[in-house]
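Per my numbering, residue 7 is the first one in the sequence shown, and the count goes up by one each step. No residue lacks a Cβ here, since even glycine has one placed at the ideal position from N, Cα and C. Reviewing the structure listed below.
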Amino acid sequence: ERNIHLVPVDGSEALFRFQLGEQCGHPEVGEDAPAEPRLAFPADCKSTKHEFGYSKLEESDGSFALQWNGEEPLCIHPNGGSAEPQSQVELINHRSCEGG
Numbered sequence: 007e008r009n010i011h012l013v014p015v016d017g018s019e020a021l022f023r024f025q026l027g028e029q030c031g032h033p034e035v036g037e038d039a040p041a042e043p044r045l046a047f048p049a050d051c052k053s054t055k056h057e058f059g060y061s062k063l064e065e066s067d068g069s070f071a072l073q074w075n076g077e078e079p080l081c082i083h084p085n086g087g088s089a090e091p092q093s094q095v096e097l098i099n100h101r102s103c104e105g106g
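The structure is reproduced here in structure tokens:
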């Protein structure tokens, strides 16, 4: 079984990346990207071609959202948008970063 890990970037407490082995996740971007881009893992974590960083956005209830540090504000959401998603639900990059 391969698990995705949320790994601090350079020891930061506010900047993270999604890591699966030696590969890091980033949104699918570009002209052909879907409206809510999937979290893709085709890139080596040492690559400078992609932005891997996600920042913590603190919510009023003590929880947090993860916002991509790329060209546009995208936040990680479970596909379907449930506050309590089922196991094995795909992660997407939602275009709204408004919390609950």
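- Look up K62 in the DSSP assignment and say whether it is helix, strand or coil. Here K62 sits in strand by DSSP.
- Give the straight-line distance between the Cα atoms of P33 and V15, rounded to the nearest whole angstrom. In a straight line, the C-alpha of P33 is about 17 Å away from that of V15.
- Message: I'd like to know whether the C-beta atoms of R23 and N99 end up nearer to each other than 9 Å.
- Response: Their beta carbons are not under 9 Å apart, which means R23 does not touch N99 by this criterion.
- Task: Would you mind listing the beta strand (DSSP E) stretches within the region 25–105 that are 3+ residues and don't spill past its ends, in chain order?
- Result: You should have 29–33, 45–50, 60–64, 70–74, 81–84 and 97–100.
- Message: Going by beta-carbon coordinates alone, are L21 and Y60 separated by less than 9 Å?
- Response: For L21 and Y60, yes; Cβs fall inside 9 Å.
- Message: Measuring only the C-alpha atoms, how far is C81 from A39?
- Response: As the crow flies, the alpha-carbon of C81 is around 15 Å from that of A39.
- Task: Look at L63 and C30 and say whether their C-beta atoms are less than 9 Å apart.
- Result: With respect to C30, L63 sits apart: the two C-beta atoms are not nearer than 9 Å.
- Query: What does V13 pair with, by DSSP beta-bridge criteria?
  - Reply: R23, per the DSSP bridge assignment.
- Message: I'd like to check one pair, P84 with E96: are the Cβ atoms closer than 9 Å?
- Response: A contact, by the Cβ cut-off of 9 Å.
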